[in-house]
Each structure stands twice: as structure tokens, then as C-alpha cells.
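Numbering (my numbering), first residue to last: 3 to 167.
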């Protein structure tokens, strides 16, 4: 994410189907380093904002936010300061979260929020399309195996019919 967009760290986490847990996590730290593991956990109250209320969450000072005090040491060690979280919504369902984190105090403008909402919408569509593509590939594999089994069965039946008296 370009620095001029106001993010030192950007991340995407996907929500585990039917739960309040994230399952896939990818974080990019400015400078290009990627971290492909859960680096921070979301407080349940924040997950509820994303999952059920489908709200954007803005936190000016992470250390002072009472919803995430249990992560204060992690916030301090990572030098995280401000946070913008935008739900990835596909249809009526929240499928993930786009996280924007700064290491300096940042007041996210309405323009910033709208930009990241648009970006989150595009990410949600891309992720949904990838899931659909994987599902189609799996279905095609199943059908291909079924057709092959049917072809083999037909060959055996023809052989039996042709060789029986």
C-alpha cells in the first residue's frame, strides 16, 4: 500500500465460516515485507461491529481504546497507533476485514474512509470470485471422474454383452 494513502501497515483477514474467528491473514508492512500469519487478534466487540453490524471501525489511538486493552503490549511492541477497519462484504455476509494501521497519529478523513470502503468492496468481489472458481474447479474434477467411471462401466457392459452367448 503506498505510504501516501496513509497506511504503514495493511492487512486482510478472512472470517472462518460460521464463527467469530479469522482464518486467513496476510499483512504487508510498508517496505514490502509480508507476514502470512495472524499477528493480532480481534476483540470480540470489534468482530461484532464487522460481522453483524457491518460497520467501519476507526480508532484514533489504539493504546487508549478500551475494546482492545488486552492487546496493549502487542500494540506497543508493533508501534501501532491509528486503525481503520473495513468489513469485506459479499452479498449480505461479512467475509473478511481490510485493516489499515498507522504508526503515527492519523485522523482518517471521510475521503480516506470512502476510498478504503471501495477497496474493500473490490477485494470482497475478488475473493468471492476466487472461491467460486475453486468451487467450479472442484465440481469439474468430480464430473470428470464420474464421466470416466461411466465410460469404463459402459465399456465393461458392452464387452460383457458382446462376449456372452
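Beta carbons: idealized from backbone N, C-alpha and C, even for Gly.
Can you tell me which of the options puts its alpha carbon nearest to the alpha carbon of residue i?
i	options	result
residue 115	87, 105 and 134	87
residue 23	46, 163 and 132	46
residue 52	60, 76, 99 and 62	99
residue 19	13, 95, 112 and 10	95
residue 80	60, 106, 97 and 90	106
residue 60	27, 119 and 31	119
residue 83	102, 156 and 72	102
With 16 other CB atoms within 10 Å as the buried threshold, where does residue i fall?
i	result
residue 175	Residue 175 lies beyond the range of the chain shown here (3 to 167); nothing can be said about it.
residue 109	exposed
residue 135	exposed
residue 10	buried
residue 148	exposed
residue 89	buried
residue 122	buried
residue 12	buried
Along the chain, where does the alpha helix (DSSP H) containing residue i start, and where does it finish?
i	result
residue 70	Run containing residue 70: none; DSSP gives neither H nor E here.
residue 47	46-53
residue 120	112-165
Out of curiosity, what's the CA-to-CA distance linking residue i and residue j?
i	j	result
residue 57	residue 92	14 Å
residue 85	residue 140	38 Å
residue 74	residue 137	40 Å
residue 77	residue 132	32 Å
residue 104	residue 145	48 Å
residue 27	residue 150	38 Å
What are the start and end residues of the beta strand (DSSP E) that includes residue i?
i	result
residue 88	84-92
residue 59	59-61
residue 13	11-17
residue 108	Where residue 108 is concerned, there is no enclosing beta strand (DSSP E), given that its DSSP letter is neither H nor E.
Does the separation of the CB atoms of residue i and residue j fall below 8 Å?
i	j	result
residue 55	residue 70	no
residue 14	residue 125	yes
residue 129	residue 97	yes
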